[in-house]
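In the working numbering, the protein residues as written are 29 to 260.
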Amino acid sequence: VYIGVVMGRHAGFLTASSALARKYVDDGPHLIYLPERAFDTDKFLADVDRVYKEHGLVTIAVSEGVSDASGTAMITKLLGHEERDAHGNIQLSGTGALGDLLANTIRDGLGIKRVRSDTFGYLQRSFTGVVSDRDAREAREVGEKAVQFAMWDDVDGSVAIKRPVLDYSVDYQLVDIKKVAGKTKHMPDEFINAEGNGVTQAFHAYCRPLLGNGVPESHRLRAPSVAKILNK
């Protein structure tokens, strides 16, 4: 069992995007947990157990900001105490605690011994090997628009990207900073599956164009299935 903890605090878009790495039906991540849905430990263990029995392995993508039904961050609940950063926010990143705690939960709850976890750090912010050309181009255009708004209109604010519902295109607009500062854009309900452990085709349709061109496609050797001998 492998657990990857992904940044994003209280928005699950980045964690959800891991679903686009799947090529075959049994590819991981098999389970995706987002902060927009309450995290239930018992259901989590049941999900892991089901996938493990089906495939003999489980790859899990979990957002650093997952919380229980009461809104308590799982890292706080599992640690038993709260840690805060220099800005007074609950410490979610910069530590491998959540991944380690979830791994221990699986070991203790299901008796699976080979459980590993990673907390992605600066690589998810700066790895140039899989940069989306579309994202890079739009990021530069946002910067150009910011300079234009400042020089031509003598106004301040934040440059927003507006995207039509159908065919992919973008329009850059200036919005009042008060409308975006300190706010979070959450994933819509239609992007999350009914079980709360994955995403829908609607999310794929939304996210796929953002990859642009040139992102490496995953491949693997296909071999006849071999019956599993060891149960744990």
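Even glycine gets a Cβ: it sits at the ideal position worked out from N, Cα and C.
Since the structure is predicted, the reported quantities are computational estimates derived from the model, not experimental observations.
Closer than 7 Å: residue i CB and nearest the ligand GDP heavy atom
{"i": "glycine 240", "result": "You won't find the ligand GDP in this model; it holds no ligand whatsoever."}
Rounded straight-line distance, which links the Cα of residue j to that of residue i
{"i": "leucine 106", "j": "aspartate 204", "result": "39 Å"}
{"i": "serine 186", "j": "arginine 165", "result": "18 Å"}
{"i": "tyrosine 61", "j": "asparagine 225", "result": "5 Å"}
{"i": "alanine 188", "j": "proline 216", "result": "18 Å"}
{"i": "isoleucine 31", "j": "phenylalanine 231", "result": "22 Å"}
{"i": "leucine 85", "j": "serine 246", "result": "18 Å"}
{"i": "methionine 179", "j": "histidine 83", "result": "58 Å"}
Residue j beta carbon less than 8 Å from that of residue i
{"i": "leucine 126", "j": "isoleucine 140", "result": "no"}
{"i": "leucine 249", "j": "serine 160", "result": "no"}
{"i": "phenylalanine 67", "j": "serine 95", "result": "yes"}
{"i": "valine 76", "j": "phenylalanine 148", "result": "no"}
{"i": "valine 183", "j": "lysine 190", "result": "no"}
{"i": "leucine 48", "j": "arginine 236", "result": "yes"}
{"i": "alanine 131", "j": "serine 145", "result": "yes"}
{"i": "arginine 162", "j": "valine 29", "result": "no"}
{"i": "tyrosine 200", "j": "glutamate 169", "result": "yes"}
{"i": "histidine 58", "j": "threonine 87", "result": "yes"}
{"i": "leucine 202", "j": "phenylalanine 177", "result": "yes"}
Candidates the options: closest to residue i by CA position
{"i": "leucine 129", "options": "Tyr150, Arg162, Val159, Glu92", "result": "Glu92"}
{"i": "valine 79", "options": "Ala131, Ile220, Gly56", "result": "Gly56"}
{"i": "alanine 233", "options": "Ile134, Pro192, Val33, His83", "result": "Pro192"}
{"i": "phenylalanine 219", "options": "Lys211, Thr228, Lys213, Thr212", "result": "Thr228"}
{"i": "glycine 137", "options": "Ala49, Ala209, Pro237, Thr69", "result": "Thr69"}
{"i": "isoleucine 134", "options": "Glu172, Ala167, Ala74, Lys206", "result": "Ala74"}
Residues of its chain near residue i, where Cβ-Cβ distance is below 8 Å and the 5 sequence neighbours each way are ignored
{"i": "valine 158", "result": "Val243, Pro244"}
Cβ neighbours of residue i in the same chain (closer than 6 Å, five flanking residues each side left out)
{"i": "leucine 51", "result": "The sequence shown places lysine at residue 51, not leucine. Excluding positions up to five away in sequence, the list reads Ser246."}
The segment 82 to 100 touching the segment 30 to 40, judged by at least three CB pairs closer than 8 Å
Counting Cβ pairs under 8 Å, three or more are found: they touch.
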